[in-house]
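At position 73 of the sequence shown (counting the first as 1) the number is 75 in our numbering, and the numbers step up by one without a gap.
Glycine included, C-beta positions come from ideal geometry on N, C-alpha and C.
All values derive from a computational prediction rather than experimental measurement.
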Amino acid sequence: MIKRMTVRLDMEKELDTENPVFIEGLAGIGHIGKTTVAYLADHLEADKVGELYSHHFPPYTIVKDNKTVDLLKNNIYQLKRDDARDLVLIEGNAQASTPQGHYEVAEKIMELVDEAEASEIITIGGYGTGDVVEEPDVFGAVTTEEVKDEYSEHGINLDHDVGQIVGASGLILGLG
C-alpha cells in the first residue's frame, strides 16, 4: 500500500556513484525525454535504485501487460563506469499537473542531485514546432557560458530562438 504523499522518494538502494552526471527525461512533448533516458537505462544496463511518487502526478494508473496497475512514477537508476563518469538517471511516465507540484517534485529531484554529488545536470525534453521536420535538430541551453563550446562540439545547437524550457526539464536546470 502506498502511503499518503506530497512527493515521496522510495530508494531500494543507496546511491553509490562518484562525481556523476545526472540525466533527467520525463514524459512530455513527444515523450522525447522519457524515451531517451529509458533507452539509456536499458541499453547501458543501469541499476534501478528507486522510485519517485507524487500526488501532484495526474490521477490515473498504468495497466501493465499482466493486467496489474502501477501508479504514475519516476524511476531512478545509477550506472558505475570505469571508463567514464558515473550516471544517475531519472525517467518517468509523469510530470506534476500544477505549478506548485512542479516545484515540489523538482525540489525533491534536486535533493537527489545533491545527495549524489552530481557535478553536471542534463535534462532532455521535446520541442514542438507544429511542423513535420525532415531533418531533426537537437537544441540546447546551458546555465553557464563556460560549457557552451563543449556541448556545441557534440552537435547540440545553441544558436536558436527557443525561449522557454517548460516543466521539470526547465525547473531542474534553473534550480541546479
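Three-way DSSP call (helix, strand, coil) for residue i in this model
i	result
V39	helix
L177	helix
D44	helix
D12	strand
E53	strand
Y105	helix
Y153	helix
D116	helix
G94	strand
E26	strand
Any non-hydrogen atom of the ligand ZN closer than 7 Å to residue i Cβ
i	result
E106	Ligands are entirely absent from the displayed structure, and the ligand ZN is therefore not among its contents.
Of the residues the options, the one placed nearest residue i, counting alpha carbons only
i	options	result
E117	K50, H162, Y55 and V90	V90
I25	N159, T145, F141 and I124	I124
Contacts around residue i, its chain only, beta-carbon distance under 7 Å, and the 5 residues preceding and following it disregarded
i	result
I31	G127, G128, Y129 and G130
Close-in-space but distant-in-sequence residues of the same chain around residue i (CB under 6 Å, 5 per side omitted)
i	result
V65	V71
Cβ-based burial, residue i [other Cβ within 10 Å; buried from 16]
i	result
E119	exposed
E148	exposed
Are the stretch 41-59 and the stretch 149-157 touching by the rule of at least three beta carbon pairs closer than 8 Å? no
Three Cβ pairs or more, each shorter than 8 Å: is that satisfied between the stretch 36-55 and the stretch 76-95? yes
Taking contact to mean 3 or more Cβ pairs, one atom from each stretch, closer than 8 Å, check whether the stretch 8-16 and the stretch 98-112 are in contact. Segments in contact, yes.
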